[in-house]
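First comes the structure, then the notes that go with it.
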Amino acid sequence: CLCYLSVQPLHNLRQMDLSYSVNLKELPDLSTAINLRKLILSNCSSLIKLPSCIGNATNLEDLDLNGCSSLVELPSFGDAINLQKLLLRYCSNLVELPSSIGNAINLRELDLYYCSSLIRLPSSIGNAINLLILDLNGCSNLLELPSSIGNAINLQKLDLRRCAKLLELPSSIGNAINLQNLLLDDCSSLLELPSSIGNATNLVYMNLSNCSNLVELPLSIGNLQKLQELILKGCSKLEDLPININLESLDILVLNDCSMLKRFPEISTNVRALYLCGTAIEEVPLSIRSWPRLDELLMSYFDNLVEFPHVLDIITNLDLNGKEIQEVPPLIKRISRLQTLILKGYRKVVSLPQIPDSLKWIDAEDCESLERLDCSFHNPEITLFFGKCFKLNQEARDLIIQTPTKQAVLPGREV
-9 CLCYLSVQPL HNLRQMDLSY SVNLKELPDL STAINLRKLI LSNCSSLIKL PSCIGNATNL
51 EDLDLNGCSS LVELPSFGDA INLQKLLLRY CSNLVELPSS IGNAINLREL DLYYCSSLIR
111 LPSSIGNAIN LLILDLNGCS NLLELPSSIG NAINLQKLDL RRCAKLLELP SSIGNAINLQ
171 NLLLDDCSSL LELPSSIGNA TNLVYMNLSN CSNLVELPLS IGNLQKLQEL ILKGCSKLED
231 LPININLESL DILVLNDCSM LKRFPEISTN VRALYLCGTA IEEVPLSIRS WPRLDELLMS
291 YFDNLVEFPH VLDIITNLDL NGKEIQEVPP LIKRISRLQT LILKGYRKVV SLPQIPDSLK
351 WIDAEDCESL ERLDCSFHNP EITLFFGKCF KLNQEARDLI IQTPTKQAVL PGREV
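Okay, so the sequence shown: first residue is -9 according to the working numbering, each after it adds one.
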C-alpha cells in the first residue's frame, strides 16, 4: 500500500493528484517541483503533515487538502505568494493556521468547512487583501475572528454557520465594504451585531437563523440599502427590529419562530415576501395595504385577527399556531388569497370548515381527531395531506379521492 512516495526531479510538473490515497502518511521533498501549480491531496485521510517545501512553491495556485482528517498543522506559507485557493474541508484535527498564511497575498478562497478543532484564525489573515470567500461553516470551536479581518476589503462571502461558540463579530467587519453574503445561521452564542455592520453597504444576503441569543439588531442596518434577503428564523430572543428605516431593496424578510417578537416589522415597504409564523405579533398596521410589492404574507393565527380586516386580503399562508385548538375558525373562508393552511399535529380539531378557492396546499397530517370535511376543494392544483387522520369518516375520504388534485395523501396511502 502507498504509505510514502518518492519522486524524481519534477521541474516540469504542473499538477499532482493523489486524492483518495488513504494510506499515504507523508509526502517527500517536492522542492524540485518549482512549476507545480495544483496539488490535490483530497481525502488522504492518513496524511499527517506536508513537507516544508510546500511553502516555497512560489508558483503553487491551488492546494486541495479536503478530507485530510489526520492533518494537525500546515507548514509555513512563506513564499506561496501565488496561492489562490486553499481547501481544507473536514480537516477535523487542524487546530490552527500558520501566521505565514498572510503571505499568500493572492489568496482568493479559503475553505475551512467543518474544521471542528479550529479555535481561531491568525491576525495575519488580514493581509490576504484579495480574499473573496472565507468559509468557516461548522467550525464549532471557533471563538473569535481577528479584528484584522476588516482589512480583507475584497471579501464577498463570509460563512460562519454553526460556529456555536462565536460570541461576536469584530467591529472592523464594517470595513469589508465589498461583503455581499454574510451567513451566521446557528451561531447560538452570538449576542449582537456590531453597529459597524451598517458600513458593509454592499450586503445582499444576511442569514441569522437560529441565533437564539440575539436580542436586537443595530439601527445601522438601515444603511444596508442593497440588502435583498434578511433571514432571522428561530431567533427566539429577538424582541424588536429597528424602526424608522426603509430597506429599499429588501425582497424577503423571514421572522418565523421569533417567538418574542410582538411588534409588526416595518423595516421595508418594498418587501415582497414576509414570513411571520411563530411570532407573538397580534397587530397589523393598516399601512401594509399600500406596500406595492407584497405578494407573500405568512402569519400565525391570533384571536383578534378579525379586527384587522385589511389583512384578510393579503395573507397567503396561515399557521393556526395552537396545538390545543378544537376547531378551525370560520374566518378562514374570508382570507381570499390564502394558498397554504398548516394544521399539522392539531390533534383536537374535529372538522374542517369552508375554505377559500385560492387554497393550493393543506397540511393536516396527524390531526388524529379529524372526522369531517365540511368543505369542498375547487382548485385542481391543490395538494392535500391527511396522513395519520385515521378518524376521517367515509364521506370525507370519498371527497378526497373524488376531488381532482395535484396530490392527495390519505391515512396509510397516497393517491
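Yeah, the Cβ is synthetic: ideal placement off N, Cα and C, and Gly gets one too.
Spatially closest choice to residue i from the options, by CA coordinates
i: L193; options: K338, D125, L181, G164; result: G164
i: S90; options: P65, S107, N144; result: P65
i: L198; options: G57, D54, L150; result: L150
i: E134; options: L156, A354, S290, A94; result: L156
i: K350; options: Q344, C365, R337, L328; result: L328
i: C365; options: K378, I372, P343, I352; result: P343
i: L173; options: G128, L209, N189, Q215; result: G128
i: A70; options: R79, N96, V399; result: N96
i: L180; options: E272, C225, F298, D52; result: C225
i: N46; options: F254, G68, K323, E238; result: G68
i: V62; options: S21, T22, I109, N93; result: I109
Cβ distance (whole Å) where residue i is taken to contact residue j below 8 Å
i: L333; j: L310; result: 6 Å
i: I115; j: P136; result: 6 Å
i: D7; j: I44; result: In fact, because the Cβ distance is near 15 Å, the residues do not count as touching under 8 Å.
i: K227; j: D247; result: At roughly 11 Å, the Cβ-Cβ gap does not stay under 8 Å, so K227 and D247 are not in contact.
i: I167; j: T191; result: 7 Å
i: I352; j: L321; result: About 16 Å; that fails the 8 Å criterion.
i: L77; j: N56; result: 5 Å
i: Q215; j: E238; result: 5 Å
Rounded C-alpha distance that separates residue i from residue j
i: L287; j: L276; result: 14 Å
i: N171; j: M196; result: 6 Å
i: N307; j: E206; result: 26 Å
i: L217; j: L240; result: 5 Å
i: I278; j: R262; result: 11 Å
i: C201; j: D388; result: 46 Å
i: Q397; j: S348; result: 16 Å
i: P319; j: F380; result: 22 Å
i: L169; j: D293; result: 43 Å
i: Y303; j: N213; result: Inspection of the sequence shows that residue 303 is occupied by Asp rather than by Tyr. Going by the C-alpha atoms only, they are around 32 Å apart.
i: C153; j: P160; result: 15 Å
i: I391; j: P401; result: 12 Å
i: F367; j: A270; result: 31 Å
i: C267; j: I305; result: 11 Å
i: R38; j: A118; result: The sequence as given places Ile at residue 38; Arg does not occur at that position. Their backbone Cα atoms lie some 26 Å apart in a straight line.
i: R79; j: S32; result: 9 Å
i: Q5; j: E51; result: 10 Å
i: P232; j: L245; result: 14 Å
i: V296; j: K75; result: 57 Å
i: D125; j: L102; result: 6 Å
i: M289; j: G188; result: 29 Å
Contacting residues, own chain, Cβ-Cβ under 8 Å from residue i (five flanking each side not counted)
i: N49; result: I24, N25, L26, R27, N72
i: V415; result: With the chain covering -9 to 405 only, the question about residue 415 has no answer from this structure.
i: S107; result: S82, N83, L84, V85, N131
i: S178; result: A154, N200, C201, S202, N203
i: L122; result: R98, E99, N144, L145, Q146, K147
Other residues of its chain near residue i: CB distance less than 6 Å, five sequence neighbours each side excluded
i: L264; result: L243, L287
i: L(-8); result: Low per-residue confidence applies at L(-8): pLDDT is 47, beneath 50, and the placement is therefore not dependable, though the value from the model is reported in the following sentence. If we look at L(-8) and ignore the five residues flanking it on each side, its Cβ neighbours are S11, N13, L14.
i: R283; result: N260, R262
i: S185; result: P208, S210
i: R324; result: L302
7 Å Cβ shell around residue i - same chain, five flanking residues per side excluded
i: T259; result: N236, W281
i: E229; result: V205, E206, M250, L251
i: S36; result: V12, N13, L14, K15, S60
i: K378; result: E355, D356, E358, P401
i: K338; result: E314, I315, Q316, S359
Within the segment 126 to 150, ranges of the beta strand (DSSP E) (whole runs, at least 3 residues): 147 to 149
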